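Numbering (mature numbering (1 follows the signal peptide of the UniProt record, and there is no 0)), first residue to last: -23 to -1, 1 to 312.
Written out as structure tokens, the structure is:
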């Protein structure tokens, strides 16, 4: 659930490991009423420069977002700058530290490890800047940008369950490619597992393993298929992992359009959308629209500067081969 918070105490370290979800309670208080003016302690009353700190620059979604962000920011009369963290926590911390003393007015950051940047987030707020946590919650934050994490997982699981009932007529065997390293991944994984248990109680999860990148998923899926060659469904908490699982299925001899296989993932991925359009076994992707994420990345800091309480939860959509706007997603993701 999205929560909007304003930091009112000194920076508090969060003693949790990377693999734990962030707790909903904190030492912070709810932000002031919408429409009030921002004080210097809350952040600037004008936002001219926004830093977008998305550390997973190798993921396909990054190139989509970065290009659209530059265009949308210009249309709103603001400048957007980008870090280049290369998926490395120490680099992310170093980059955020460098930008702390720059002229950026707000940062939208996807923390690799929230506990490691809690203090930095507090320093940004103390310096009169806005901190927006991308894909999660932190104790020190001005706002958050989320997209129905647990509901996304449930939507995908329910679609897969319905497909299994219609296409298989038997209890499906399922591989879940999870992400337990981030809040978004934990909530999505929980949604997949709980949604599957409710919608297909006879389904058997033969393996539930960590995989985020296409290469991770390729390796994991090949290993699982070696022991369980009759897997019917692969559900991934990250769309890029679903791409790797699809390649693994092909490499073990599964036909691309196998009528008794379902591959699905969360987050848009050009390769998945194109395979879906071709009639292959990619059957479900739950995703945001990239333009919604782009708009929220810019609009949330601008709303904070106006003293407004921003909308922080971006809607998600289930895309299937029958979706009339499938081609629009392909185009939006670079196809």
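Where a beta carbon is used, it is the ideal one built from N, C-alpha and C, also for glycine.
Everything numeric in this text was worked out from a predicted model, so none of it was measured.
How many Å lie between residue i and residue j at the Cα?
{"i": "residue 188", "j": "residue 218", "result": "6 Å"}
{"i": "residue 223", "j": "residue 167", "result": "22 Å"}
{"i": "residue 186", "j": "residue 103", "result": "40 Å"}
{"i": "residue 209", "j": "residue 148", "result": "9 Å"}
{"i": "residue 204", "j": "residue 183", "result": "9 Å"}
{"i": "residue 271", "j": "residue 206", "result": "40 Å"}
{"i": "residue 65", "j": "residue 133", "result": "30 Å"}
{"i": "residue 313", "j": "residue 136", "result": "Shown here, the chain extends from -23 to 312; a query on residue 313 therefore has no answer."}
{"i": "residue 6", "j": "residue 312", "result": "Any reading at residue 6 must be qualified, since the residue scores a pLDDT of 28, below 50, and its modelled position is unreliable; the value itself is stated next. Using only the alpha carbons, I get a separation of about 44 Å."}
{"i": "residue 237", "j": "residue 260", "result": "11 Å"}
{"i": "residue 131", "j": "residue 108", "result": "29 Å"}
{"i": "residue 221", "j": "residue 284", "result": "44 Å"}
{"i": "residue 139", "j": "residue 295", "result": "13 Å"}
Which residues in the same chain have their Cβ closer than 7 Å to the Cβ of residue i, if we skip the five residues on either side of it in sequence?
{"i": "residue 242", "result": "213, 215, 216, 218, 219, 249 and 262"}
{"i": "residue 282", "result": "15, 20, 21, 22, 23 and 24"}
{"i": "residue 307", "result": "247, 250, 251 and 254"}
What does a CB cutoff of less than 8 Å around residue i pick up in its chain, not counting 5 residues either side in sequence?
{"i": "residue 227", "result": "233"}
{"i": "residue 17", "result": "Reliability of the predicted coordinates at residue 17 is poor, the pLDDT of 34 falling under 50, and the value obtained from them is presented with this limitation in mind. Only 105 meet the Cβ criterion."}
{"i": "residue 191", "result": "217, 218, 220, 221 and 224"}
For residue i, I'd like the list of residues in its chain whose CB is within less than 6 Å of its CB, leaving aside the five on either flank, ordered along the chain.
{"i": "residue 292", "result": "none"}
{"i": "residue 126", "result": "161, 164 and 165"}
{"i": "residue 53", "result": "275"}
{"i": "residue 225", "result": "195, 198 and 199"}
Going by the beta-carbon positions, is the gap between residue i and residue j smaller than 8 Å?
{"i": "residue 300", "j": "residue 42", "result": "no"}
{"i": "residue 81", "j": "residue 27", "result": "yes"}
{"i": "residue 258", "j": "residue 290", "result": "no"}
{"i": "residue 88", "j": "residue 110", "result": "yes"}
{"i": "residue 273", "j": "residue 36", "result": "no"}
{"i": "residue 92", "j": "residue 159", "result": "no"}
{"i": "residue 83", "j": "residue 287", "result": "no"}
Determine whether the Cβ of residue i lies closer than 8 Å to any Cβ atom of chain C.
{"i": "residue 184", "result": "In the structure shown, chain C cannot be found, because there is only a single protein chain."}
Stretch pair the segment 81 to 99 + the segment 111 to 122: three plus CB contacts closer than 8 Å: yes
Meets three-Cβ-pair contact criterion under 8 Å: the segment 170 to 180 and the segment 36 to 56: Segments in contact, no.
In chain order, each alpha helix (DSSP H) run of at least 4 residues that lies wholly inside the segment 88 to 152: 91 to 103 and 126 to 144
Ordered list of beta strand (DSSP E) runs contained in the segment 8 to 70, each at least 3 residues: Counting only runs of 3 or more, we get 26 to 30 and 56 to 59.
Length-filtered (4 minimum) alpha helix (DSSP H) runs lying within the segment 228 to 256: 247 to 254
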